[in-house]
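Input: a single structure, listed below in structure tokens.
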Amino acid sequence: ERSESQEICFIPDDNYARFIRQRVPEVEKKIGAGEMVDTAGRVLGQHRGYPFYTIGQRRGLRVAVGKPVYVVEIIPEENRLVVAQKEELYRRGLIATQVNWIALEKLETPMRAFVKIRYNDPGFFAWLYPQSQIEVRIEFEKPQRAVTPGQSVVFYQQDVVLGGGVIESSF
50 ERSESQEICF
60 IPDDNYARFI
70 RQRVPEVEKK
80 IGAGEMVDTA
90 GRVLGQHRGY
100 PFYTIGQRRG
110 LRVAVGKPVY
120 VVEIIPEENR
130 LVVAQKEELY
140 RRGLIATQVN
150 WIALEKLETP
160 MRAFVKIRYN
170 DPGFFAWLYP
180 QSQIEVRIEF
190 EKPQRAVTPG
200 QSVVFYQQDV
210 VLGGGVIESS
220 F
């Protein structure tokens with residue numbers, strides 16, 4: 050299995066930390082270091098500020114727990130990172146908000162669709178459950194890695210784009 054890219058498409062040299070520092074002067078002073086915890090809430094160490102990390106990131110965590118750990122959750126309001134082993138990166142579904150329907154007027158009943166959650170994602174099948182006109186609960190047929198709040202999700206029926214939204218949360 051090929052490792053998944055964690056780069057950001059609009060940053061030419063893939064140096065996300067440098068990009069943030071250039072755009073937000075004194076970001077480290079404004080945000081500061083925060084706690085890095087495991088899924089039970091135990092403090093494992095410190096990080097240099099949540100904007101410098103992404104879901105699924107392993108490199109640069111600077112924490113030794115005897116096994117590789119990855120960022121599985123970012124809690125901006127607490128400046129806290131939650132880290133865990135690779136298995137805990139996988140999610141069964143997500144909530145999408147700000148949904149914009151293109152090929153449908155609205156989703157009225159559950160529907161099976163092909164879903165993509167990142168650029169160059171090969172995609173996967175999932176069930177879409179309407180929550181409101183602009184919110185959908187999506188349940189994956191197989192767990193997916195590093196479902197990231199704030200990223201786009203797009204729904205397809207064969208080659209037709211049904212619509213898309215923003216990932217609010219995952220479960």
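Sequential numbering of the sequence shown, starting at 50, is according to my numbering.
Glycine included, every Cβ here is placed at the ideal spot set by N, Cα and C.
About 5 Å separates the CB atoms of residue 99 and residue 128; that is less than 8 Å, so the two are in contact. Each of 195, 143 and 91 was checked against the Cα of residue 217, and the nearest Cα belongs to 143. Rounded to whole angstroms, residue 86 and residue 154 show a C-alpha spacing of 43 Å. Counting only runs of 3+ residues, the beta strand (DSSP E) found wholly inside the region 75-100 occupies 83-86 and 92-96, in chain order.
Using a 10 angstroms sphere on the CB of residue 202, the tally of other CB atoms reaches 16 or more, which defines it as buried.
In the DSSP assignment, the residues bridged to residue 165 are 203. If you draw a straight line from the Cα of residue 209 to the Cα of residue 104, it comes to about 29 Å. Here residue 125 carries a helix assignment [DSSP, helix/strand/coil]. At the C-beta level, residue 172 and residue 185 stay beyond 9 Å of one another. For the set 135, 178 and 60, the Cα lying nearest the Cα of residue 194 is the one of 135.
Sequence-distant Cβ neighbours of residue 68 in its own chain, meaning closer than 6 Å and more than five residues away, are 60. Nearest in C-alpha terms to residue 207, of all of 174, 93 and 124, is 174. Exclusion of the five residues before and after residue 205 leaves 162, 163, 164, 165, 172 and 211 as the residues of its chain whose Cβ lies within less than 8 Å of its Cβ.
Judged by DSSP in its simplified three-state form, residue 138 adopts helix. Note on residue 140: 16 or more other CB atoms within 10 angstroms of its CB, so buried under the neighbour-count rule. Its chain contains 139, 140 and 141 as the residues whose beta carbon lies nearer than 8 Å to that of residue 192, once the 5 sequence neighbours on both sides are disregarded; these appear in chain order.
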